[in-house]
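Participant:
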Amino acid sequence: MSKAEAVRAHQFDDSGQQHEASWIGMWVFLATEIMFFGGMFMGYILYRSLYPAAFANASNHLDVWLGGINTAVLICSSFTMASAVHSAAAGKRRTLVSCLLLTMALGLVFLGIKFSEYYVKFVEHLVPGISFVYEQRFAGPAEIFFSFYFAMTGMHALHMIIGIGLLTYLVVNSLRGRFSPSYHTPVEMIGLYWHFVDIVWIFLFPLLYLVGRHL
Amino acid sequence: MKAEPHVSLRVYVLVFAALIALTLLTTGVAFIDLGGNLNSIAAVAIAVCKALLVILYFMHVRYSDRLTWVFVGAGFFWLLLLIGGTMNDVLTRPVRSPDTASTSTGVSPR
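Okay, here's the thing in structure tokens:
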């Protein structure tokens, strides 16, 4: 009995059907994630259309270099994740573990840069709330911009933290030899999740960091 | 699902290089005033290209069966309905954009 057959749940005819069900189920979950982040993107687009000048002004308070570096870090981590799935399919356990560890490390670098940015925003009184200070002209709408900034990057960071937890699970199970070329569905599914979180950032970077740079 | 499509590492490297190049492009273009809404359009267009590269190659959707495409497409289609429907309402209202009329109205400053 192959490894894939060994982990087949009884409701499936064969491991191929089980594999297909996993892919579709994961995409259904990702569709709910698209809707979840989509609501915040919708709010951002709406308020930016109402206060374009204030949003551009507030956006220029973000550090475009740190944002750009973080974008590159996440793209690298997506590449290492794709390589992890590739190694799992080829049955290269050591490469799989290295790729997963590298992905986790890049995720932690991203979070480190992100939280150092948050720290600067606290110091500069740019966190919405009672200590928010901004030039009078744009104060209200700028506070809305920073509310979106913290809500969207905060939810994104939470997804990254969950992703790193899931990667830990994969590392442990790879070391135990639970994955093989015929069965490595968890690596593929968590890979899909990780790439999705990367896509969210691909949109957050231009919308939050770049909207006012040409002014 | 059909036999595991084995995407070569070369494809991943090319996609990775394209994603980094597009990140540099979007950052560079953002500093040039293209006029009107062109800056926003360029930024979103580049982001959509990057997202498509990730979805099609890193997420293997290009090699997946039609049923998976339906589920992927449905998610993004509903997102377009959300944004399209809402902005169709907001942008066609007679009075809008307190930002251009007077910046002090709308939300009261602290």
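Residue numbers (numbering that gives the first Met the number 0), protein chains in the order written: chain A, 0 to 214; chain B, 0 to 109. Glycine is no exception: its CB is placed at the ideal position from the N, C-alpha and C atoms.
Which value, in whole angstroms, describes the spacing of the CA atoms of R212 (chain A) and Y118 (chain A)?
Facilitator: Roughly 22 Å between the two C-alpha positions.
Participant: Quick check on Y62 (chain B) - is its C-beta less than 8 Å from some C-beta in chain A?
Facilitator: No - not a single Cβ of chain A is within 8 Å of the one on Y62 (chain B).
Participant: Would you mind telling me which residues of chain B sit closer than 8 Å to I112 (chain A), beta carbon to beta carbon, in chain order?
Facilitator: Correct list: empty, because the minimum Cβ distance to chain B is about 15 Å.
Participant: Starting from A74 (chain B), trace the alpha helix (DSSP H) in both directions and tell me its first and last residue.
Facilitator: Per the sequence presented here, residue 74 (chain B) reads as Gly, with Ala not at that position. Segment 65-89, the alpha helix (DSSP H) holding G74 (chain B).
Participant: Let me know the secondary structure DSSP gives H18 (chain A) once reduced to three states.
Facilitator: In the structure shown, H18 (chain A) sits in a helix (DSSP, three-state: H, G or I).
Participant: Would you tell me roughly how many angstroms separate the C-alpha atoms of F36 (chain A) and Y43 (chain A), rounded to the nearest one?
Facilitator: F36 (chain A) and Y43 (chain A): Cα-Cα distance of roughly 11 Å.
Participant: Quick one: Cα of L66 (chain B) to Cα of T70 (chain A), how far?
Facilitator: Going from the Cα of L66 (chain B) to the Cα of T70 (chain A) covers about 31 Å.
Participant: Taking beta-carbon pairs under 7 Å, can you tell me which members of the segment 12-26 of chain B lie near chain D?
Facilitator: Among the protein chains of the structure shown, namely A and B, there is no chain D.
Participant: Under 7 Å Cβ-Cβ, which residues of chain B neighbour P127 (chain A)?
Facilitator: Within chain B, no residue comes near P127 (chain A); the closest Cβ sits about 10 Å away, beyond 7 Å.
Participant: Let me make sure I understand the geometry here. Which of A:R177, A:S48, A:V132, A:M103 has the alpha-carbon closest to that of W193 (chain A)?
Facilitator: That would be A:M103, whose Cα lies nearest to the Cα of W193 (chain A).
Participant: Below 8 Å between beta carbons: does that hold for F204 (chain A) and G111 (chain A)?
Facilitator: Cβ atoms of F204 (chain A) and G111 (chain A): not closer than 8 Å.
Participant: Pull up the CB-CB distance for A42 (chain B) and T22 (chain B), whole angstroms please, since I reckon it's below 8 Å.
Facilitator: The Cβ separation is near 12 Å, so there is no contact.
Participant: List in chain order: all unbroken alpha helix (DSSP H) runs of 4+ residues lying wholly within the segment 41-108 of chain A.
Facilitator: DSSP runs (the alpha helix (DSSP H)) wholly in the segment 41-108 of chain A: 51-58, 63-89.
Participant: Looking at the structure shown, is H155 (chain A) part of a helix, part of a strand, or coil, going by DSSP?
Facilitator: Looking at H155 (chain A) - three-state DSSP - the assignment turns out to be helix.
Participant: With burial defined as no fewer than 16 other Cβ atoms inside 10 Å of the residue's Cβ, what is the status of T104 (chain B): buried or exposed?
Facilitator: For T104 (chain B), the predicted model reports a pLDDT of 44, less than 50, meaning its position is unreliable; a value from the coordinates is still stated below. When all chains shown are included, T104 (chain B) counts as exposed.
Participant: Could you work out which residue in B:S39, B:I82, B:A17, B:V89 is closest to L51 (chain B) when comparing CA atoms only?
Facilitator: Considering only alpha carbons, the answer is B:A17.
Participant: Residues in the same chain with beta-carbon distance under 6 Å from T94 (chain A), minus the five sequence neighbours each way, listed in chain order, please.
Facilitator: Same-chain partners within the cutoff: S86.
Participant: Could you compute how far the alpha carbon of E19 (chain B) sits from the alpha carbon of G74 (chain B)?
Facilitator: According to the sequence displayed, residue 19 (chain B) carries Ile and not Glu. Rounded to whole angstroms, I19 (chain B) to G74 (chain B) spans 26 Å at the Cα level.
Participant: Taking beta-carbon pairs under 7 Å, can you tell me which members of the segment 76-100 of chain A lie near chain B?
Facilitator: So the close ones are S77, F78, A81, S82, H85, A88.
Participant: Could you spell out the range, first to last residue, of the alpha helix (DSSP H) harbouring S39 (chain B)?
Facilitator: First-last of the alpha helix (DSSP H) with S39 (chain B): 37-52.
Participant: Taking only three categories from DSSP, how would you classify F11 (chain A)?
Facilitator: The answer is coil: DSSP assigns F11 (chain A) none of H, G, I, E or B.
Participant: Alpha carbon to alpha carbon, how far is A5 (chain A) from I189 (chain A)? Give it in angstroms, no decimals.
Facilitator: For I189 (chain A) and A5 (chain A), the distance between alpha carbons rounds to 21 Å.
Participant: Using 8 Å as the limit for Cβ to Cβ distance, is N87 (chain B) near chain A?
Facilitator: Not closer than 8 Å to any Cβ of chain A, the Cβ of N87 (chain B) fails to qualify, so no.
Participant: Determine whether the Cβ of T91 (chain B) lies closer than 8 Å to any Cβ atom of chain A.
Facilitator: So no, T91 (chain B) is outside the interface.
Participant: Got a sec: is the Cβ-Cβ distance from I31 (chain B) to anything in chain A below 8 Å?
Facilitator: So, interface residue.
Participant: Grouping DSSP H, G and I as helix and E and B as strand, with all else coil, what is M0 (chain B)?
Facilitator: Any reading at M0 (chain B) is ruled out, since the residue's pLDDT is 42, under 50, leaving its predicted position unreliable.
Participant: What does L81 (chain B) touch in chain A if you count any residue whose Cβ is under 7 Å from its own?
Facilitator: Result: G37, M41.
Participant: Give the range of the alpha helix (DSSP H) segment to which F178 (chain A) is assigned.
Facilitator: Unbroken run through F178 (chain A): none, as it is neither H nor E.
Participant: So, for E187 (chain A): in the same chain, excluding its five sequence neighbours on each side, which residues have a beta-carbon less than 7 Å away from its beta-carbon?
Facilitator: For E187 (chain A), where only same-chain residues beyond five positions count, the Cβ hits under 7 Å are V84.
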